[in-house]
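Residue numbers (the working numbering): 65 to 244.
Here a beta-carbon is modelled for each residue, glycine too, at the ideal position from N, C-alpha and C.
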């Protein structure tokens, strides 16, 4: 007898992958993103869309409506839940904010992962990213949270290798939006 699976609602930290096709042309192809703590995902062209609490099918309808506002013909939207339950041996860091593909990044070794590598693995900066004020949050063993601000430009333009810090399991990187 086939096991009946419970349809779960999407919560913060869940990852989805979307594709959007309009008039036979792929407008968004295999874009992966994670639900943030407020229940939103950031999507190309449409920006932030609230899907937290919805099922995958419910989120598809919400995302299709958001993209429908940008096209004359109705878009075909595919949404898949991305199973991240396979834990990396060394854990994960989470990259949020104005990067191309926010979400969890697997740490490749016990040495951690460098900030530049984590941002690169998240698809690089989005066009409105404020690279001079990247926030890195780390939980200490006693539960306190430490937040540091990194000027990414110091790493490449100024050659400050010390600014390219090592990240460890549970660290959260936030790339804010630049105010024009």
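| Check | Outcome |
| --- | --- |
| CA nearest to the CA of residue 105, picked from 87, 80, 86 | 80 |
| Alpha-carbon to alpha-carbon, residue 232 and residue 176 | 5 angstroms |
| Of the residues 182, 164, 243, the one placed nearest residue 111, counting alpha carbons only | 164 |
| Residue 93 to residue 225 span [Cα, whole Å] | 35 angstroms |
| Span of the beta strand (DSSP E), counted from its first residue to its last, around residue 217 | It is not in any beta strand (DSSP E) - residue 217 instead sits in the alpha helix (DSSP H) that spans 216-220. |
| Whole runs of the beta strand (DSSP E) within the region 136-199, excluding any shorter than 3 residues | 140-146, 156-161, 167-170 |
| Same chain only: Cβ atoms within 7 angstroms of residue 143, ignoring 5 sequence neighbours per side | 80, 82, 120, 123, 124, 127 |
| Backbone CA spacing between residue 87 and residue 131 [nearest angstrom] | 13 angstroms |
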